[in-house]
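In what follows, a structure is listed as structure tokens, so that the remarks can point back to it.
Protein chains: 2
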Amino acid sequence: MTGISEQQALTRALIDTGYWIDTGVPGVYGRTGRFEAITTGFDRLVEQMAAEDGAEIRRFPPVMPTSVLIEAEYMQSFPELCGCVHSFEGDEDGHARLLASISAGEDWSRQLTGAALALTPAACYPLYPTLRGTLPQGGRLVSLSSFIFRHEPSDDPARLQSFQMRENVRIGPADEVAQWRELWMSRGVELLERLGLPVTLEVANDPFFGRGGRMLRANQRADRSKFEICLPVVAEQPTALASFNYHRDKFSRTFDIRCADGEHAHTACIGFGLERVAIALLHTHGLDCASWPREVRTGLGI
Amino acid sequence: MTGISEQQALTRALIDTGYWIDTGVPGVYGRTGRFEAITTGFDRLVEQMAAEDGAEIRRFPPVMPTSVLIEAEYMQSFPELCGCVHSFEGDEDGHARLLASISAGEDWSRQLTGAALALTPAACYPLYPTLRGTLPQGGRLVSLSSFIFRHEPSDDPARLQSFQMRENVRIGPADEVAQWRELWMSRGVELLERLGLPVTLEVANDPFFGRGGRMLRANQRADRSKFEICLPVVAEQPTALASFNYHRDKFSRTFDIRCADGEHAHTACIGFGLERVAIALLHTHGLDCASWPREVRTGLGI
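Chain order of the listed sequences is A and B.
Residues in the first sequence are numbered consecutively from 1, following this note's numbering.
Residues in the second sequence are numbered consecutively from 1001, following this note's numbering.
Okay, here's the thing in structure tokens:
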């Protein structure tokens, strides 16, 4: 195994045992029905829990308006993770030049033009601008699932460029939103422990870019505005399976979302990385999911 | 309704009756749980029919290697529909320049670099390179579902930039593949008629780009290598709900896919546009899906 990291070995094992299909690009894999059964089973568990609380169900596509990411200051904080969609908008002569550049092996990317769209970097971003205005009494609760993009090619099977995320989002009065996040921190730990995963809850921070990001990272930890549920899989750091984020009035000021009393709402989101949960289960219970403990299989409906 | 086209009126109605959510970009909408129930119900019907034939289930992410699209000559045929993913790969000084351009309202797209990824333009494209080599006796049958991107902003609710497609793909000996496509043309008509849609099967062509594309479009019709199941909804042309494509050995020569006897395989794909089917049902049976005919609701499980 000389020269192959533990991460590369697990990726290879996921491919060889019929869960993933290599595409040639790190962090971009096809999923077999066998793998999808695990992610879909877990996704439904979290969606059902949200639906029992009365959540509205939403699905946004994997692309969203670039303008919303700019308003939300995504390009300030995480520029290196973005994926903007560029398209060819030229005429037939431009097309001939494009094909000539492709044939010659030149960089042809500058012959495309930036479009109005970017890949969705978290399931909740497209939601906030649609909530503009005054919320009903008590606020809102929304459950979303989406394919997410983050430009971070890696050998770590738990650090994908394109992956699925289930998020529940609570928008409303500050105290209710803060309590709701606390509730989901215990629910999240309990749910993952019930699936046999020995997880821990940790204070965390987002990977804010650059020197300026250092202070933002420290502030976020001091404020305890981000928690993660973690499990050591094969990465150097424990892998975060879920995160619990309290934004206070950041998004509601940006998109002018107000409570029934006219105050800016607070928002919080809790998100589960579906592939990370599936990989944690495969790493913990073994690569033959048919031999997993019965209660885990029953819980996931597989 | 002066100044509002029939297409715009239907889009507006889908939003007002709680199926879609406006994002501000034409052809990119959020879906409510009520809309997803229709697309998911139909998707399962087609997947089940494929699974009963022994299909392997696959899901590829909404991004795929650009190199595969180039090998498949997508940029030759449909350059204006592509979506290539560009990311920021600069340092802190580059980041400062990027933010300054964004603040100044300048075009900042050239400060990003073309990545190895493009948005998936049909569910089957990522599959072919993974089949390289010799097929088992009789070939393979695969069923895939995916979010698809096509850069064609439009007011027509049935012409989305980001939409879901269920495809079944047959790869094997020429005669078996051709017969399988014929089988699915009748199955497709029967399935949609059973849902109360008065559809027709038509010879069709892909929208090949430019003057050179005119001959390709004519050849494709003469060869009868593409059929569509159509229904007039609100577009000027009848809307294609499904397409049935016989590629002969085009993809198998590009990606060197061979039958057990060493000959290049033939391939065919049949695809259903999930949002188009849902819109056709809403247009035909009315915007209150709770009052649709019982057999339609039962068929879709809604």
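No residue lacks a Cβ here, since even glycine has one placed at the ideal position from N, Cα and C.
Since the structure is predicted, the reported quantities are computational estimates derived from the model, not experimental observations.
{"query": "Element boundaries [alpha helix (DSSP H), containing B/Glu-1275]", "result": "1274 to 1285"}
{"query": "Sufficient close CB pairs (3 or more, under 8 angstroms) joining the segment 152 to 161 of chain A to the segment 98 to 111 of chain A", "result": "no"}
{"query": "Nearest to B/Ala-1118 (by Cα), restricted to the options B/Gly-1030, B/Ile-1070 and B/Ile-1257", "result": "B/Ile-1070"}
{"query": "Secondary structure of B/Ser-1243, DSSP reduced to three states", "result": "strand"}
{"query": "N- and C-terminal bounds of the alpha helix (DSSP H) containing A/Ala-9", "result": "6 to 16"}
{"query": "Contact with chain B by A/Pro-232, beta-carbon distance below 8 angstroms", "result": "no"}
{"query": "Neighbour flag for A/Ser-186 against chain D, beta carbons, 8 angstroms", "result": "Protein chains in the displayed structure are A and B, and chain D is not among them."}
{"query": "Short-range partners of chain B found in the segment 75 to 95 of chain A, where Cβ spacing is below 9 angstroms", "result": "Met-75, Gln-76, Pro-79, Glu-80, Leu-81, Cys-82, Gly-83, Cys-84, Val-85, His-86, Ser-87, Phe-88, Glu-89, Gly-90, Asp-91, Glu-92, Gly-94 and His-95"}
{"query": "Bridge partners - A/Leu-117, DSSP secondary structure assignment", "result": "A/Pro-65"}
{"query": "Stretch pair the segment 1170 to 1177 of chain B + the segment 1221 to 1229 of chain B: three plus CB contacts closer than 8 angstroms", "result": "no"}
{"query": "Inside the segment 166 to 248 of chain A only - alpha helix (DSSP H) runs reaching at least 4 residues", "result": "174 to 194 and 210 to 223"}
{"query": "DSSP beta-bridge partners of A/Thr-32", "result": "B/Arg-1058"}
{"query": "Distance between A/Val-28 and A/Glu-152 (C-alpha atoms, nearest Å)", "result": "11 angstroms"}
{"query": "Straight-line Cα distance separating B/Gly-1114 from B/Val-1085", "result": "6 angstroms"}
{"query": "Residue range of the unbroken alpha helix (DSSP H) whose run includes B/His-1086", "result": "Here B/His-1086 belongs to no alpha helix (DSSP H); instead the beta strand (DSSP E) covers 1084 to 1087."}
{"query": "Residues that A/His-247 contacts on chain B, provided the C-beta gap is smaller than 8 angstroms", "result": "Under the 8 angstroms cutoff, chain B gives no residues; its nearest Cβ is about 20 angstroms from A/His-247."}
{"query": "A/Ala-268, DSSP secondary structure in three states", "result": "strand"}
{"query": "Interface positions of the segment 96 to 122 of chain A facing chain B (Cβ-Cβ less than 8 angstroms), listed along the chain", "result": "Leu-98, Leu-99, Ile-102, Asp-107, Trp-108, Ser-109, Arg-110, Leu-112, Thr-113, Gly-114, Ala-115, Ala-116, Leu-117 and Leu-119"}
{"query": "Residues that B/Phe-1060 contacts on chain A, provided the C-beta gap is smaller than 7 angstroms", "result": "Gly-30"}
{"query": "Chain A within 8 angstroms of B/Gly-1210, Cβ atoms only", "result": "yes"}
{"query": "is_contact[A/Ser-162, chain B] using C-beta, thresh 8 angstroms", "result": "yes"}
{"query": "Counterpart residues of A/Phe-372 in DSSP-defined beta bridges", "result": "Outside the shown range of chain A, which is 1 to 302, sits residue 372 of chain A, and nothing can be said about it."}
{"query": "Selection from B/Glu-1047, B/Gly-1033 and B/Ile-1302 that minimises the alpha carbon distance to B/Ser-1145", "result": "B/Glu-1047"}
{"query": "Neighbourhood of A/Trp-180 by C-beta distance below 7 angstroms, restricted to the same chain and skipping five residues each side", "result": "Arg-170 and Ala-268"}
{"query": "Neighbourhood of B/Arg-1224 by C-beta distance below 7 angstroms, restricted to the same chain and skipping five residues each side", "result": "Val-1203"}
{"query": "Continuous alpha helix (DSSP H) stretch holding B/Ser-1109: start and end", "result": "First-last for B/Ser-1109: undefined, no H or E at that position."}
{"query": "Which listed residue (B/Ile-1257, B/Thr-1284 and B/Met-1165) has its alpha carbon closest to that of B/Arg-1132", "result": "B/Ile-1257"}
{"query": "Residue range of the alpha helix (DSSP H) that includes A/Asp-22", "result": "Run containing A/Asp-22: none in the alpha helix (DSSP H); it sits in the beta strand (DSSP E), 20 to 22."}
{"query": "contact_flag[the segment 61 to 69 of chain A, the segment 1017 to 1031 of chain B] where n(CB pairs < 8 angstroms) is 3 or more", "result": "yes"}
{"query": "C-beta neighbour in chain A for B/Val-1063, strict 8 angstroms", "result": "yes"}
{"query": "CA-to-CA distance, A/Thr-239 to A/Val-233, given in whole angstroms", "result": "6 angstroms"}
{"query": "Beta-bridge pairing of A/Arg-140 - partner residues as DSSP gives them", "result": "A/Ile-171"}
{"query": "Which residues DSSP lists as bridging B/Gly-1003, in chain order", "result": "Answer is none; B/Gly-1003 lacks a bridge partner."}
{"query": "Backbone CA spacing between B/Glu-1193 and A/Leu-112 [nearest angstrom]", "result": "42 angstroms"}
{"query": "Proximity test, Cβ basis, 8 angstroms: A/Pro-126 and chain B", "result": "yes"}
{"query": "Under 8 angstroms between C-beta atoms of A/Phe-163 and A/Pro-121", "result": "no"}
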